[in-house]
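Residue numbering for the sequence shown follows this note's numbering, starting at 13 and increasing by one per position.
Yeah, the Cβ is synthetic: ideal placement off N, Cα and C, and Gly gets one too.
Just so it is clear, the structure is predicted and the values come from calculations on it, not from any experiment.
Scroll down for the structure; my scribbles are underneath it.
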Amino acid sequence: SSGINAEWPLRPGADKKSGSAQLRRLQVCRYEVAQCLHTLQIYMTHQLHNISWHELQTALQTVTSISELQQVHETYLSMAMERLLLGETTKAPYEIILKIFKHVTSFLNLLESGSFDRDNRDTVTHTNFEKLMQRHKDFKKQTIFILKVAESSNAAGYKPYIDEFTLRLDFNHYYQSQASTKRQSLAGLSSISKSRLTTNTINSTTNSTH
């Protein structure tokens, strides 16, 4: 996220007070991407350096042999892998997070490879704006999908961990509202399509009778 945040001020003419619709939109996209990465970093730091490390320190106090020490260490590593969504039972969220990273990296590359331009009306645009919007759309799609995975009954094996991550990620229910809005839009389009199909069927039947 530091790369995304550091990149912005270096762009000539890309000041936040500009009246550019493109610039405002990119600011929102950049914030969402950076916030997601920051959330993941906080989650991993908390799970590994706080919870897992505390459990290891507690378990070490009762160790009386080398074999017990080895067992405690193996348990620590196994639990840490699960909490970081790197275990055998956490492949689903792991694959989604990899896709999120892929879209974030692509977003940053597009931002860096393009440039901000200012026209004679003082409007700022980006040469890769359309591609950036598509990459952000892909990013948001995977972000919403990981929330659905967390709600799934198949998430029982890693639910405590994925729940904490998604709670941090969607603390203000922003992504849930986005998913709900999308479902409502799709439902509306489906209703319109059905209505048109019914109308066309009635018209076709009427014309055939005449």
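Closest residue to residue 173 among 38, 36, 46 and 52 (Cα-Cα distance): Taking only the C-alpha atoms, the option nearest residue 173 is 52.
Supposed close pair residue 150, residue 162 - CB separation, criterion 8 Å: Rounded to whole angstroms, the Cβ separation of residue 150 and residue 162 is 19 Å, and the two are not in contact under 8 Å.
With 16 other Cβ atoms within 10 Å as the buried cut-off, status of residue 61: Residue 61 is exposed by the Cβ-count criterion.
Burial state of residue 86 (16 or more Cβ within 10 Å): Residue burial annotation: residue 86 is exposed, with fewer than 16 other C-beta atoms found within 10 angstroms of its C-beta.
Cα-Cα separation, residue 65 to residue 55: Each residue's Cα considered, the two are about 14 Å apart.
Cβ shell of residue 144 (< 6 Å), same chain only, five flanking positions each side left out: So the qualifying residues of the chain are 122.
Cα-Cα separation, residue 94 to residue 164: Approximately 18 Å between the Cα atoms of the pair.
The stretch 93–111 in contact with the stretch 182–193 per 3-pair CB rule at 8 Å: Short answer: they don't touch.
Every unbroken alpha helix (DSSP H) within the stretch 44–96, with a cutoff of 4 residues, ordered by chain: Restricted to the stretch 44–96, the alpha helix (DSSP H) segments that are unbroken, complete and at least 4 residues in length are 65–72 and 78–95, listed in chain order.
Straight-line Cα distance separating residue 68 from residue 90: About 11 Å.
Other residues of its chain near residue 171: CB distance less than 8 Å, five sequence neighbours each side excluded: Here the set comprises 162.
Alpha-carbon spacing of residue 136 relative to residue 37, whole angstroms: Rounded to whole angstroms, the gap between the alpha carbons of residue 136 and residue 37 is 11 Å.
Residues that DSSP places opposite residue 128 in a beta bridge: When beta bridges are read from the DSSP output, residue 128 appears opposite 138.
Residues near residue 116 in its chain [Cβ-Cβ closer than 7 Å; skip 5 each side]: The answer, listed in chain order, is 45, 49 and 151.
Three-state class that DSSP yields for residue 192 in the structure shown: In the three-state reduction of the DSSP assignment, residue 192 falls in the helix class, which pools H, G and I.
beta-carbon residue 59 near the ligand ZN non-hydrogen atom, thresh 7 Å: The model on display carries no ligand, and the ligand ZN is accordingly not part of it.
Continuous alpha helix (DSSP H) stretch holding residue 182: start and end: Element bounds for residue 182: n/a, residue is neither H nor E.
Proximal residues to residue 59 (C-beta, below 6 Å), its chain only, five neighbours per side dropped: Scanning its chain for C-beta atoms nearer than 6 Å, with the 5 sequence neighbours on each side dropped, one finds around residue 59 the residues 95, in chain order.
Option in 142, 113, 63 and 133 with minimal Cα separation from residue 127: Of the listed residues, the one whose Cα sits closest to residue 127 is 142.
Assigned exposure category for residue 204 - 16 Cβ within 10 Å defines buried: Bear in mind that a pLDDT of 48 at residue 204, under 50, signals an unreliable position, so the number given afterwards is only what the model happens to contain. Classification of residue 204: exposed, given that the 10 Å Cβ count is below 16.
For residue 178 and residue 159, believed in contact at Cβ under 8 Å, the rounded distance: Correct: roughly 5 Å between the Cβ atoms.
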